[in-house]
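Notes follow once the structure below has been shown.
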Amino acid sequence: DTAVSQTPKYLVTQMGNDKSIKCEQNLGHDTMYWYKQDSKKFLKIMFSYNNKELIINETVPNRFSPKSPDKAHLNLHINSLELGDSAVYFCASSQAGPLRGQYFGPGTRLTVT
Amino acid sequence: KQEVTQIPAALSVPEGENLVLNCSFTDSAIYNLQWFRQDPGKGLTSLLLIQSSQREQTSGRLNASLDKSSGRSTLYIAASQPGDSATYLCAVYGSEKLVFGKGTKLTVNP
Chain C
49 DTAVSQTPKY LVTQMGNDKS IKCEQNLGHD TMYWYKQDSK KFLKIMFSYN NKELIINETV
109 PNRFSPKSPD KAHLNLHINS LELGDSAVYF CASSQAGPLR GQYFGPGTRL TVT
Chain W
823 KQEVTQIPAA LSVPEGENLV LNCSFTDSAI YNLQWFRQDP GKGLTSLLLI QSSQREQTSG
883 RLNASLDKSS GRSTLYIAAS QPGDSATYLC AVYGSEKLVF GKGTKLTVNP
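In the order they appear, the protein sequences are chains C and W. Each residue of the first sequence is one higher than the last, beginning at 49 in the working numbering. Each residue of the second sequence is one higher than the last, beginning at 823 in the working numbering.
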């Protein structure tokens, strides 16, 4: 059983389009995250949600809007895509609190042309 | 602002060698430190999680140590195998988020 799943795995789109990436976790975790891994492979947090509430927003352009319909899902919607948005986006989840590790999804490779 | 540095950036060793990967962080106010493995084109696999109150964790051929006061962690891999080839990422948890290093790309040659 996949613990943290993301769809789609690959996404190729043109500049200016709007796209969404979906994430689901079946671990019963309270907290979910979105990370961006750039072309230099540097992984950086974008957002975190705890029980559907936004906890962290790391100076991400407001073209990026996370949405958490329930505790098990955290989707990422991106408006007006730019070339610089091309990256691999990872979803992760964890139990609330600092004592637990994070579990990552397989990633979504977004290419903006 | 927390910064995590991993040295070396890349490492190539012959099969069977024992090796050490290094991670340092600037702010010792962390709750835990996590080592991950990332294979090309794949997600992250958690290898070891060390709480701030612990000194080390072991899993199979892997041993991770943590010296919070000096801001250092090491990942020791014993008897390396070609299947260990991957990028190893260190991340520290503090202020409700994980901060990652840029990773060490390990190649184990048969």
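Even glycine gets a Cβ: it sits at the ideal position worked out from N, Cα and C. All values derive from a computational prediction rather than experimental measurement.
8 Å Cβ cutoff, residue i in contact with chain C
i                 : result
Thr988 of chain W : No information on residue 988 of chain W is available, as it lies outside the stretch 823 to 932 that chain W covers here.
Phe922 of chain W : yes
Leu843 of chain W : no
Lys823 of chain W : no
Short CB-CB distance (under 8 Å) between residue i and chain W
i                 : result
Lys89 of chain C  : yes
Phe138 of chain C : yes
Ser96 of chain C  : yes
Ile104 of chain C : yes
9 Å Cβ cut-off: residues of chain W touching residue i
i                : result
Ile93 of chain C : Lys919, Leu920, Val921, Phe922
Cross-chain neighbours of residue i in chain C, by beta carbon under 9 Å
i                 : result
Ser868 of chain W : Gly149, Gln150, Tyr151, Phe152
Gly925 of chain W : Lys89, Phe90, Leu91
Interface partners of residue i on chain C, CB under 8 Å
i                 : result
Leu911 of chain W : Leu91
Gln856 of chain W : Gly149, Gln150
Anticipated Cβ contact below 8 Å, residue i with residue j, distance rounded
i                 : j                 : result
Tyr137 of chain C : Ile69 of chain C  : 6 Å
Ser53 of chain C  : Glu72 of chain C  : 5 Å
Lys864 of chain W : Pro56 of chain C  : Contact doesn't hold; Cβ gap of about 16 Å is too wide.
Leu911 of chain W : Gln860 of chain W : 6 Å
Lys924 of chain W : Phe112 of chain C : Rounded, the Cβ-Cβ distance is 23 Å, inconsistent with contact.
Met63 of chain C  : Leu129 of chain C : 6 Å
Ser907 of chain W : Gly838 of chain W : Not quite, the Cβ-Cβ distance comes to about 14 Å (not below 8 Å), so this is no contact.
Leu920 of chain W : Ile104 of chain C : In fact, because the Cβ distance is near 10 Å, the residues do not count as touching under 8 Å.
Gln828 of chain W : Leu843 of chain W : 7 Å
Chain C residues whose Cβ lies nearer than 7 Å to that of residue i
i                 : result
Leu871 of chain W : Gly149
Proximal residues of chain W, C-beta to C-beta of residue i below 7 Å
i                : result
Gly36 of chain C : Given that chain C is displayed from residue 49 to residue 161, the structure contains no residue 36 of chain C and the question cannot be resolved.
Taking 8 Å as the cut-off, does the segment 108-123 of chain C touch the segment 78-86 of chain C (at least 3 CB pairs, one atom from each stretch)?
Yes, the segment 78-86 of chain C touches the segment 108-123 of chain C.
Report the residue ranges of all beta strand (DSSP E) runs contained in full by the segment 86-146 of chain C; include only those spanning at least 3 residues, in chain order.
Along the segment 86-146 of chain C, the beta strand (DSSP E) occurs as fully enclosed runs of 3 or more residues at 91-98, 101-105, 112-118, 121-126, 135-142, listed in sequence order.
Segment contact flag, the segment 823-832 of chain W with the segment 865-882 of chain W, C-beta cutoff 8 Å, min 3 pairs:
Cβ pair count under 8 Å is below three, so no.
Stretch pair the segment 850-862 of chain W + the segment 910-924 of chain W: three plus CB contacts closer than 8 Å:
When C-beta atoms of the segment 850-862 of chain W are compared with those of the segment 910-924 of chain W, three or more pairs fall below 8 Å, so the two segments count as touching.
At least three beta-carbon pairs within less than 8 Å, the segment 898-905 of chain W to the segment 876-885 of chain W:
In this structure the segment 898-905 of chain W touches the segment 876-885 of chain W; the number of beta carbon pairs closer than 8 Å is three or more.
Only counting runs of 3 or more residues, tell me where the beta strand (DSSP E) segments fall wholly within the segment 863-932 of chain W, in order along the chain.
Within the segment 863-932 of chain W, the complete beta strand (DSSP E) segments of 3 residues or longer fall at 866-873, 878-881, 884-889, 894-899, 908-916, 919-922, 926-931, listed in chain order.
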